[in-house]
Ligand code: NDP
């Protein structure tokens, strides 16, 4: 068998086109564009690339991009004051503080300071709680993008065995919550899991979010399974995922790296910002 390669780039372009229509509706009905504020502290090159591509995508969707670049020696107090100012600014619908922050800053205190109703990254504990209890809120962009891809490939996910490898707050845990929400039987694996290959072998759906190049091997995969590769690993051969591409010989469908999950993350960020603007303006989106 050769797996269908899931074209995350094309799917993300569809999501972004739909977002652009919603943005036009908000602009018509509220007389203003939705606004996304992105805060970057310091000079981390990977973060700078992410911030630039988020800014470009925001503008391409017809929204206002508000960028704040702060020096690496920014204090906790200065950053908190900026977050307070963005919380209070009516032109700002979404606030994203690019992580990781320089080591001297308290990341968790900053995330908690963001107004949960502008927390388009979905990292605030209030939004994590809403997701866990089935209340509407903002869902972290990467796992939500994975869910959209899975629904597109498989349709109804009900009753499927899903294994999520990784238990971080930004990918693994929310991914597990989303799959439970879609009635999968979910196993969350991590570095202490015993016999990971055997655990993965049971799965109809595998989501790998570890950060170890090509860790998941073809002989771990149940024939026909759907594989979602969140991993981004920079190696001598370039960018590779957590799933060995040779798994395509066994799987039914899988995402490539790059061009799979990555583009979906930004598309969902734009969608979350649009939804925030519509809520704040009391607008019901046509789509
Ligand atoms: P973290 O480092 O926060 O979490 C990694 C998880 O993998 C941990 O739960 C860890 O377990 C687990 N793990 C580590 N080693 C093993 C192992 N040998 N076997 C099983 N599990 C293991 O990473 P993130 O969740 O933030 O990100 C994961 C990957 O996804 C990274 O490559 C990151 O770059 C990428 N990423 C991609 C995005 C995209 O847009 N495509 C967005 C966000 C992340 P334990 O908890 O026990 O330590």
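Numbering (this note's numbering), first residue to last: 106 to 392.
Cβ atoms here follow ideal geometry from the backbone N, Cα and C, with glycine treated the same way.
Would you mind sorting residue i into buried or exposed? The rule is 16 or more other CB atoms within 10 Å of its CB.
i, result
"residue 223", "buried"
"residue 296", "exposed"
"residue 341", "exposed"
"residue 336", "buried"
"residue 170", "buried"
"residue 391", "exposed"
"residue 239", "exposed"
"residue 106", "exposed"
"residue 373", "buried"
"residue 282", "buried"
"residue 299", "exposed"
"residue 157", "exposed"
"residue 263", "exposed"
"residue 303", "exposed"
"residue 154", "exposed"
"residue 343", "exposed"
"residue 389", "exposed"
"residue 218", "buried"
"residue 334", "buried"
"residue 308", "buried"
"residue 233", "buried"
"residue 353", "buried"
"residue 368", "buried"
"residue 205", "exposed"
"residue 195", "exposed"
"residue 142", "buried"
"residue 417", "Examination of residue 417 is not possible in this model, given that the chain is present from 106 through 392 alone."
Per DSSP, which one or two residues make a beta bridge with residue i?
i, result
"residue 294", "270"
"residue 170", "141"
"residue 359", "110 and 332"
"residue 348", "321"
"residue 51", "In the structure as shown, the chain starts at 106 and stops at 392, and residue 51 therefore has no counterpart that could be examined."
"residue 146", "175"
"residue 313", "270 and 334"
Based on Cα-Cα distance, which residue from the options lies nearest to residue i?
i, options, result
"residue 115", "386, 382, 384 and 371", "371"
"residue 355", "325, 373, 342 and 200", "325"
"residue 310", "301, 292 and 332", "332"
"residue 236", "276, 318, 270 and 338", "276"
"residue 160", "181, 189, 119 and 202", "202"
"residue 386", "327, 128 and 166", "128"
"residue 260", "243, 301, 288 and 154", "288"
"residue 130", "154, 156, 168 and 153", "168"
"residue 245", "215, 219 and 278", "278"
"residue 109", "248, 350 and 132", "350"
"residue 192", "216, 305 and 262", "216"
"residue 113", "257, 190, 184 and 313", "257"
"residue 212", "314, 267, 185 and 231", "185"
"residue 266", "125, 320 and 312", "312"
"residue 315", "345, 220, 327 and 307", "345"
"residue 384", "197, 182, 148 and 328", "197"
"residue 220", "146, 242, 209 and 173", "242"
"residue 330", "189, 305 and 343", "305"
"residue 147", "248, 207, 125 and 166", "207"
"residue 165", "120, 173 and 149", "120"
"residue 321", "173, 347 and 357", "347"
"residue 162", "181, 204, 205 and 118", "118"
"residue 145", "125, 172 and 132", "172"
"residue 317", "327, 338, 301 and 323", "338"
"residue 357", "381, 328 and 143", "328"
"residue 182", "209, 248, 149 and 150", "209"
"residue 214", "194, 195 and 188", "188"
"residue 286", "248, 319, 301 and 323", "248"
"residue 381", "190, 200, 152 and 122", "200"
**Message:** Does the structure place the segment 167-187 close enough to the segment 358-367 that three or more beta carbon pairs sit under 8 angstroms?
**Reply:** Three or more beta-carbon pairs separated by less than 8 angstroms are not found between the segment 358-367 and the segment 167-187, which leaves the two stretches without contact.
**Prompt:** Counting only runs that start and end within the segment 228-268, where is the alpha helix (DSSP H) found for 4 or more residues in a row?
**Reply:** Here the runs fully enclosed are 230-238 and 246-259.
**Item:** Within the segment 365-392, ranges of the alpha helix (DSSP H) (whole runs, at least 4 residues)
**Value:** 366-386
**Message:** Three Cβ pairs or more, each shorter than 8 angstroms: is that satisfied between the segment 217-232 and the segment 373-381?
**Reply:** Flag = yes, the segment 217-232 and the segment 373-381 touch.
**Item:** the segment 245-263 contacting the segment 291-305, beta-carbon criterion three pairs below 8 angstroms
**Value:** No: fewer than three Cβ pairs fall under 8 angstroms.
**Request:** Check whether the segment 137-148 touches the segment 260-278, taking contact to mean three or more Cβ pairs, one atom from each stretch, closer than 8 angstroms.
**Result:** Counting Cβ pairs under 8 angstroms, fewer than three are found: no touch.
**Asked** Residue ranges of each alpha helix (DSSP H) run of no fewer than 4 residues wholly in the segment 179-233, ordered along the chain?
**Response** Runs found: 181-193 and 212-218.
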